[in-house]
Amino acid sequence: GNSVTQMEGPVTLSEEAFLTINCTYTATGYPSLFWYVQYPGEGLQLLLKATKADDKGSNKGFEATYRKETTSFHLEKGSVQVSDSAVYFCALSDTGTGFQKLVFGTGTRLLVSP
Amino acid sequence: DTAVSQTPKYLVTQMGNDKSIKCEQNLGHDTMYWYKQDSKKFLKIMFSYNNKELIINETVPNRFSPKSPDKAHLNLHINSLELGDSAVYFCASSHTAGRTEAFFGQGTRLTVV
Numbered sequence: 341g342n343s344v345t346q347m348e349g350p351v352t353l354s355e356e357a358f359l360t361i362n363c364t365y366t367a368t369g370y371p372s373l374f375w376y377v378q379y380p381g382e383g384l385q386l387l388l389k390a391t392k393a394d395d396k397g398s399n400k401g402f403e404a405t406y407r408k409e410t411t412s413f414h415l416e417k418g419s420v421q422v423s424d425s426a427v428y429f430c431a432l433s434d435t436g437t438g439f440q441k442l443v444f445g446t447g448t449r450l451l452v453s454p
Numbered sequence: 081d082t083a084v085s086q087t088p089k090y091l092v093t094q095m096g097n098d099k100s101i102k103c104e105q106n107l108g109h110d111t112m113y114w115y116k117q118d119s120k121k122f123l124k125i126m127f128s129y130n131n132k133e134l135i136i137n138e139t140v141p142n143r144f145s146p147k148s149p150d151k152a153h154l155n156l157h158i159n160s161l162e163l164g165d166s167a168v169y170f171c172a173s174s175h176t177a178g179r180t181e182a183f184f185g186q187g188t189r190l191t192v193v
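Taken in order, these protein sequences are the chains called E and A.
As numbered in our numbering, residues 341 to 454 make up the first sequence, in order.
As numbered in our numbering, residues 81 to 193 make up the second sequence, in order.
Put into structure tokens, the structure is as follows:
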């Protein structure tokens, strides 16, 4: 079945460092790809999305490009802030049954220190 | 103005009890979901409803019974709670048209003692 693989965390960075969180996927067809963020004690919020190959999603300084040839959707940010500390989930939309469900990676915790 | 709201936020109960979690969305979506997040933050879909009809049931024990009185509500009832049911349960909703994002509630942290 469809699946998402994310790098293990935690990722520990100093403020203003460059961030990359790797995400690769296995899917039949052409899923949409998403990054969600979960701040402590809160629900998941959509961070960005891409619906087709070569699309770049971006939001709040984060960006990710849908790479069909490498089946990847890596999350990047040029300069992280302490407030970016959270758990980040890569996900794909699986419509194998004709109805959608989101399939999530295991999540990557990001810790940013001042 | 909360888009997807679920209650309660915290639920502590004893083994063997029956409990319910309620979810409501005001986004006009016709598909709703229940996801379970375990202690390692892993998220797994449990159920999905489309226009009040069950469309996804991911081999969840029969003790879990979702109910959708209308397309804006999806409740989760759990019978005979077990220690292993302790987790955070998230409700979500989306449009039926495929490959779109889902919007999540704040979660219900269930602790079974």
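Don't be surprised by glycine CBs; every beta carbon is placed ideally from N, CA and C.
Distance between E:Leu450 and A:Lys120, taken at the CA atoms: about 14 Å. Relative to E:Pro371, the option among E:Gln440, E:Gly447, E:Thr345 and E:Ser453 whose CA is nearest is E:Gln440. Annotated three-state conformation of E:Val420 is coil, per DSSP.
A:Gly185 and A:Leu107 have their C-alpha atoms roughly 12 Å apart. Using a Cβ distance threshold of 8 Å, A:Val84 and A:Ser173 count as a contacting pair. Pairing A:Lys124 with A:Glu138 gives a Cβ-Cβ distance under 8 Å. Considering only beta carbons, the part of the segment 105 to 139 of chain A lying closer than 9 Å to chain E consists of Thr111, Tyr113, Tyr115, Gln117, Lys120, Lys121, Phe122, Leu123, Lys124, Ile125, Ser128, Asn130, Ile135, Ile136 and Glu138, in chain order. DSSP places E:Gly341 outside any beta strand (DSSP E), giving it a letter other than H or E.
The contact set of A:Gln186 on chain E, defined by CB atoms closer than 9 Å, consists of Gly381, Glu382 and Gly383 in chain order. Residues of the segment 163 to 175 of chain A whose Cβ lies closer than 7 Å to any Cβ of chain E, in chain order: Phe170 and Ser174.
Between the C-alpha atoms of E:Ala357 and E:Ser453 there is a straight-line separation of about 10 Å. Contacts with chain A (Cβ-Cβ distance below 9 Å) from the segment 397 to 431 of chain E involve Val427, Phe429 and Ala431, listed in chain order.
Under the Cβ distance rule, A:Ala182 counts among the residues neighbouring chain E, one pair being separated by less than 8 Å. Counting along the chain, E:Arg407 sits inside no beta strand (DSSP E), nor does DSSP assign it H or E at all. In this structure A:Pro146 is buried. Its beta-carbon is surrounded by 16 or more other beta-carbon atoms within 10 angstroms.
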